[in-house]
Amino acid sequence: MILMKDIYKTYDNGVTALNGINVEIDQGEFVYVVGPSGAGKSTFIKLMYREVKPSKGKLIINNKDLTDLKEKEVPLLRRQIGVIFQDFKLLSRLTVYENIAFALEVINESPRNIRKRVMDVLELVGLKNKARFIPSELSGGEQQRVSIARAIVNHPKLVIADEPTGNLDPDTSWEIMKVFEEINARGTTIVMATHSKEIVNTIKRRVIAIEDGRIVRDQHRGDYGYEI
Ligand code: ADP
Ligand code: ADP
1 MILMKDIYKT YDNGVTALNG INVEIDQGEF VYVVGPSGAG KSTFIKLMYR EVKPSKGKLI
61 INNKDLTDLK EKEVPLLRRQ IGVIFQDFKL LSRLTVYENI AFALEVINES PRNIRKRVMD
121 VLELVGLKNK ARFIPSELSG GEQQRVSIAR AIVNHPKLVI ADEPTGNLDP DTSWEIMKVF
181 EEINARGTTI VMATHSKEIV NTIKRRVIAI EDGRIVRDQH RGDYGYEI
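Written out as structure tokens, the structure is:
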């Protein structure tokens, strides 16, 4: 469902962030992306939701060839992918409920259906009782759970996370990982860039290591493989 063939990315300043990436990720896989800072992990992640366009190569996401994707097709692609960031990126003036309902973008859904979908997803992440809170009234872990709820409320086949536990303490990080495992158990593909050695070495999944813009390791149930 995700295919990258000889992908290169050179930014406008001349930095080559990806240097010939070849990879295939099947529907339902859970993949960690690891590697040193500056290796190209974020660029690799951003390719998938078209935040970054490859300079060269073939890219297929959710069985759609992005090579000739038109600008007007980008929103449709993004609605099929849930994206989760290290810093949550919630709208600070909206309640938890509104942050998620906003992401639904279902003009043709009845208010009753929107309400059901938002409350169902809040139940999944364990925040049903905080629907009326605003983000600043929540802990970091709760805010990340809201951002996960927002990412999955459209039932995307693919969820991408760039260091989702980077701002969270270890206990909270494990709670967030439980939510990711639950989503993955429902058949959703998860691609997660992380610097957490503890998580990667404990919850064993496929590990793709990137260094200097190249995949240097790709292991089924792999290790983190770096000292920190
Ligand atoms: P990582 O996520 O592994 O830290 P990145 O993909 O963010 O790596 O960065 C890979 C390389 O590309 C780095 O050298 C970084 O400085 C460079 N880079 C990232 N984003 C940009 C950008 N928007 N413009 C120019 N260079 C960039
Ligand atoms: P409905 O379409 O009526 O919500 P589903 O069976 O699709 O019914 O969903 C039931 C529950 O499972 C809901 O809480 C929904 O948010 C959750 N769910 C369904 N698919 C996914 C998915 N891919 N990722 C995460 N949660 C999902």
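Residues in the sequence shown are numbered from 1 upward in steps of one, following the UniProt record's numbering.
Beta carbons: idealized from backbone N, C-alpha and C, even for Gly.
Just so you know, these numbers come straight off a predicted model, no measurement behind them.
| Asked | Found |
| --- | --- |
| Who are the Cβ neighbours of A39 in its own chain at under 6 Å, not counting the five residues just before and after it? | I210, E211 |
| Out of N63, I114, V33, state which residue places its alpha-carbon closest to the alpha-carbon of V216. | V33 |
| Within the present structure, is the beta-carbon of A209 separated from the nearest heavy atom of ligand 1 by less than 6 Å? | no |
| Going by DSSP in three states, E98 sits in which element: helix, strand or coil? | helix |
| Who are F85's beta bridge partners in DSSP? | D162 |
| Would you kindly check if the distance between the Cβ of V31 and the Cβ of M4 is under 7 Å? | no |
| Compute the Euclidean distance between the alpha carbons of K53 and R117, then round it to the nearest angstrom. | 32 Å |
| Could you give the distance in angstroms between the alpha-carbon of residue 252 and the alpha-carbon of G126? | The question about residue 252 has no answer, for the chain in this structure spans 1 to 228. |
| Tell me whether F102 is buried or exposed, calling it buried when 16 or more other Cβ atoms sit within 10 Å of its Cβ. | exposed |
| I'd like to check one pair, V96 with F133: are the Cβ atoms closer than 7 Å? | yes |
| Quick one: does the C-beta of G28 sit closer than 6 Å to a heavy atom of ligand 1? | no |
| Which of helix, strand or coil does DSSP assign to F30? | strand |
| Name all residues in chain order for which at least one heavy atom of ligand 1 lies closer than 6 Å to the residue's CB. | Y11, N13, V15, A17, G35, S37, G38, A39, G40, K41, S42, T43 |
| Going by other Cβ atoms of all chains shown within 10 Å of its Cβ, with 16 needed for buried, is V153 buried or exposed? | buried |
| Hey, quick one: how far does the beta strand (DSSP E) through E24 stretch, first residue to last? | 16–25 |
| For the stretch 4–21 against the stretch 53–70, are there 3 or more C-beta pairs whose distance is under 8 Å? | yes |
| Threshold first: 3 residues or longer. Then list the beta strand (DSSP E) segments lying entirely within the stretch 134–208, N to C. | 158–162, 189–193 |
| Taking the alpha carbon of A151 as the point to measure from, which residue in N99, A193, F44, T43 has its own alpha carbon closest? | N99 |
| Pick from F88, T188, I114: whose alpha carbon is nearest that of S139? | F88 |
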